[in-house]
Amino acid sequence: MDLRVRPQLLSSYIAPIERRGCHRSMRFMRWLSQQLGDVADKANGQVIMPYACGHVQGKVKRRCRVKAYTGDLGQFVEWLKTRRVDWDIPYRIARIDIVEFINHLATRKATAATRQRKLAAIRGFLKFLKDNQIIFGNPADTIEGAIREERDPAILLKTEYKALLQVAGGNPRDFAIVMLFLQSGLRVSELVNLKIQDVDFTSREITVRQGKGRKDRVVPLVRQAGEALKAYLKVRGAQPEYDEVFIARNGTSMDQRTVRYRIHKYYKEAGIKKKASVHTLRHTFSTHQIHNGLKINQLKDVLGHRRMETTYKYVHLDRTNLRAEMENGAL
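Structure (structure tokens):
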């Protein structure tokens with residue numbers, strides 16, 4: 001694959017990033033195009049296609065993952081600048097710089113999974129530079145990844161998710177979103193990408209297209225979620241420009257950031273003080289399905305897990321949740 005393109009072609013990739021508010025990714029792209037351009041200009045007056053535009057997009061098809069990787073690299077570059085590291089040319093990045101960056105993330109209480117992803121982004125970027133003879137070695141090759149700690153994910157008690165539904169009830173769109181999370185176990189990326197044509201009220205099914213692992217799957221649409229969705233669609237009305245189910249106030253399709261903001265807002269209003277995220281609703285769905293007798297292999301298919309081991313954790317969570325529910329309702 002020829003990775004050399006004319007400089008003006010960079011704008012076709014940078015502009016969409018800028019429009020979507022991915023400022024850290026945008027800054028990294030501009031820095032990268034400048035630095036690689038400086039190196040390449042000495043050779044043939046051309047610029048090397050940015051890592052995210054060529055190498056990452058060639059391997060990672062999901063747009064949100066591409067943005068996450070370029071955002072991670074942008075954070076690394078910004079950190080180098082604050083440390084007054086001589087970062088202006090890529091081959092001056094040393095192993096100790098990467099190690100100290102990962103250690104810095106640990107002091108900021110970044111999870112092992114987050115540190116692992118950022119290290120993978122840096123390692124892949126430096127490999128790209130090495131493969132294209134911009135640098136002559138990859139200083140990240142000998143750095144071991146962070147050991148991922150096994151933590152039980154947070155789940156909501158019955159009183160908590162009922163309070164969440166109550167505070168979201170005044171907004172038909174947000175109520176439908178919370179209900180879908182709790183009754184279908186969708187990921188936030190799957191929810192914002194859900195299309196009108198993917199919802200079948202007759203067969204009471206939702207088709208999740210290109211979920212994690214890039215596989216389609218069919219998820220049952222239970223009665224409560226279906227009713228909430230119908231009520232929202234009446235308010236939503238026809239939006240010819242967008243076929244996504246959930247639309248923002250400005251008439252465009254909702255993004256993940258907006259959904260996360262709204263859910264956290266309702267957590268606060270519902271008085272839920274535990275550390276919870278949007279994904280907590282998926283964990284809550286899964287744990288309660290196991291408690292209500294859904295077979296583990298059926299839950300695996302509904303959630304779109306590739307490995308049974310990933311689904312088995314909800315059996316343990318069900319026992320933990322049962323104790324918490326009994327404590328909460330003790331006489």
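Read in UniProt numbering, the sequence shown has 299 at position 299, and its numbers run on one by one without any break.
Even for Gly, the Cβ is constructed at its ideal location relative to N, Cα and C.
Fair warning: this is a prediction, and the values are worked out from it, not measured in the lab.
Residue i, enclosing beta strand (DSSP E) - first and last residue
i, result
"I102", "Not the beta strand (DSSP E): I102 falls in the alpha helix (DSSP H), residues 95 to 107."
"R217", "217 to 220"
Presumed contact (8 Å Cβ cut-off) between residue i and residue j, rounded CB distance
i, j, result
"residue 340", "T311", "The first residue shown for the chain is 1 and the last is 331, placing residue 340 beyond what the model contains."
"L119", "I143", "7 Å"
"L194", "V245", "5 Å"
"V222", "E205", "The Cβ separation is near 11 Å, so there is no contact."
"Y266", "L164", "6 Å"
"A140", "L126", "5 Å"
"G251", "Q239", "7 Å"
Where residue i falls: helix, strand or coil (DSSP)
i, result
"S203", "coil"
"Q35", "The predicted model places Q35 with a pLDDT of 49, which falls under 50 and marks its position as unreliable; any figure quoted below should be read in that light. In this structure, Q35 counts as helix in the three-state DSSP scheme."
"T277", "Residue identity differs from the one stated: residue 277 is Ser in this sequence, not Thr. Three-state DSSP puts S277 in coil, outside helix and strand."
"K195", "strand"
"I48", "Residue placement at I48 cannot be trusted, given a pLDDT of 35 that sits under 50; what the coordinates show is reported in the next sentence. Note: I48 maps to strand in three-state DSSP."
"V77", "helix"
Limits of the alpha helix (DSSP H) - the one that residue i falls within
i, result
"P172", "172 to 184"
"K130", "112 to 131"
"D301", "296 to 303"
"A163", "158 to 168"
"V245", "Counting along the chain, V245 falls outside any alpha helix (DSSP H), and DSSP gives it neither H nor E."
"E144", "Per DSSP, E144 belongs to no alpha helix (DSSP H) and is neither H nor E."
Beta-carbon proximity of residue i to residue j, cut-off 9 Å
i, j, result
"A168", "K274", "no"
"residue 340", "L186", "What the structure shows of the chain is the stretch from 1 to 331, and residue 340 is not part of that stretch, so it cannot be assessed."
"I102", "R115", "yes"
"F175", "Y232", "yes"
"I177", "L191", "yes"
"F76", "I98", "yes"
"V302", "P220", "yes"
"Q256", "V188", "yes"
9 Å Cβ cutoff, residue i in contact with chain D
i, result
"R282", "Within the model displayed, chain D is absent; a lone protein chain is all it includes."
For the stretch 179 to 191 against the stretch 280 to 295, do three or more pairs of beta-carbon atoms, one drawn from each stretch, fall closer than 8 Å, so that the two count as touching? Yes: the two stretches touch, three or more of their Cβ pairs being nearer than 8 Å.
Segment contact flag, the stretch 257 to 275 with the stretch 193 to 212, C-beta cutoff 8 Å, min 3 pairs: By the Cβ test, the stretch 257 to 275 is not in contact with the stretch 193 to 212, since fewer than three Cβ pairs between them sit closer than 8 Å.
I want to know whether the stretch 111 to 128 touches the stretch 70 to 85 - three or more CB-CB distances under 8 Å. Yes, since at least three Cβ pairs between the stretch 111 to 128 and the stretch 70 to 85 fall closer than 8 Å, the two stretches touch.
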